[in-house]
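As given, the protein sequences belong to chains A and H, one line each in that order. Under this note's numbering, read the first sequence as residues 12 to 163, first letter to last. Under this note's numbering, read the second sequence as residues 11 to 124, first letter to last. C-beta: ideal position from N, C-alpha, C; glycine also. What follows is a short report on a single structure.
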Amino acid sequence: MANHLRTQIRDQIKTTLTGLTTTGNRVTDSRVYPIASDGTPALVIYTKEEASMPLDMGTNTTRIIDRSLTVSVEVYVKATANFDNTLDTICKEIEIAIYADPTLNGLAKDCYLEATSIEFNAEGEAPVAFATLDFLTNYMNLATTPDSTTGT
Amino acid sequence: MEFDSDFDGYLQDSHGSPGLAVTYTPTGGSAKTITIILNQEYLDIETSGLPVQGYQPVAMAKTTDMPSIAFGDSLNAPAIKSLSGTTIKAATNYKIVNFENDNLGMTSLILEVQ
């Protein structure tokens with residue numbers, strides 16, 4: 012049995028964002044430990060929020076579930092200079108990569124940037140810049156097969 | 011009550027404290043040598059997401075050594091070595107990004123590595 016579609020989507024986005032010019036292979040998903048001091052610039056991908064609703068009435072075997080998953084891509088930059096520009100550059104690279112394949116290799120109906128938030132912290136030996144890019148990802152599945160996408 | 015000369019004792023290596031002679035350069039001014047105590051404890055640099063590992067360099071200095079201290083002044087610290095000569099920390103240039111005067115003769119310098 013395949014993984015839940017949410018897992019497949021997270022994996023697909025991780026694949027898409029691995030190897031970007033600025034962040035390279037420093038991409039993890041669902042990380043819970045601190046970012047290493049020399050581990051930035053880095054990306055961490057989470058799928059923490061999802062809303063869903065049935066598209067139509069019916070039995071579970073025919074009911075289609077319309078799901079809206081927020082995929083959050085967190086960006087970490089620790090640098091003495093140009094941390095703000097570096098952060099924006101990384102955001103640009105992420106957006107270009109995602110919009111090159113907004114259906115995420117056929118897993119989603121659409122995926123688009125819904126919100127970006129940015130913050131800075133001057134504590135420590137070098138400033139840290141942080142951004143969260145929330146991509147709203149719409150996908151559908153039969154109620155009984157959350158590991159397989161379906162059309163409408 | 012402590013006098014300015016007492017602070018000299020606190021900061022001098024010859025008096026047993028970990029004093030470190032560094033070059034202090036005020037912005038647009040002339041460099042001079044002062045003595046500090048340098049601390050740099052581990053710090054989790056917080057974000058809305060995960061913390062980033064780091065440390066906070068803080069120097070304790072005599073307030074009279076830097077009467078016109080300002081944001082952006084610099085400190086150049088030599089390498090810190092063990093008694094056997096092994097380098098524990100390489101020579102480092104710092105920028106003063108904040109300063110906290112205790113109003114009793116000492117000032118904490120919050121530093122950023124350059």
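Within 8 Å of the CB of H:G59, the CB atoms of chain A belong to V55, E85, Y87, F141, T143, in sequence order along the chain.
By the criterion of at least three beta-carbon pairs nearer than 8 Å, the region 81 to 90 of chain A is in contact with the region 130 to 140 of chain A. Within chain H, the residues whose beta carbon sits less than 7 Å from that of A:N132 are I55, E56, T57, listed in sequence order.
Separation of the CB atoms of A:D112 and A:N14 is rounded to 19 Å, and the pair is thereby denied contact status at 8 Å.
Nearest CB-CB separation between A:P52 and chain H: not below the 7 Å threshold. For A:I46, a Cβ of chain H is located within less than 7 Å of the residue's own Cβ. Counting only runs of 3+ residues, the beta strand (DSSP E) found wholly inside the region 66 to 111 of chain A occupies 75 to 89, in chain order. The three-state secondary structure of A:K120, taken from DSSP, is coil. The DSSP-derived three-state label of A:Q23 is helix.
Contact annotation: the region 67 to 74 of chain A does not touch the region 41 to 49 of chain A, with fewer than three C-beta pairs closer than 8 Å. Secondary structure of H:D75 (DSSP, three-state): helix. Against chain H, a Cβ distance below 7 Å from A:G135 picks out L53, I55, G64, Y65, Q66. Judged by DSSP secondary structure, A:L147 falls within the beta strand (DSSP E) whose first and last residues are 139 to 153.
At least one CB of chain A lies nearer than 7 Å to the CB of H:V123.
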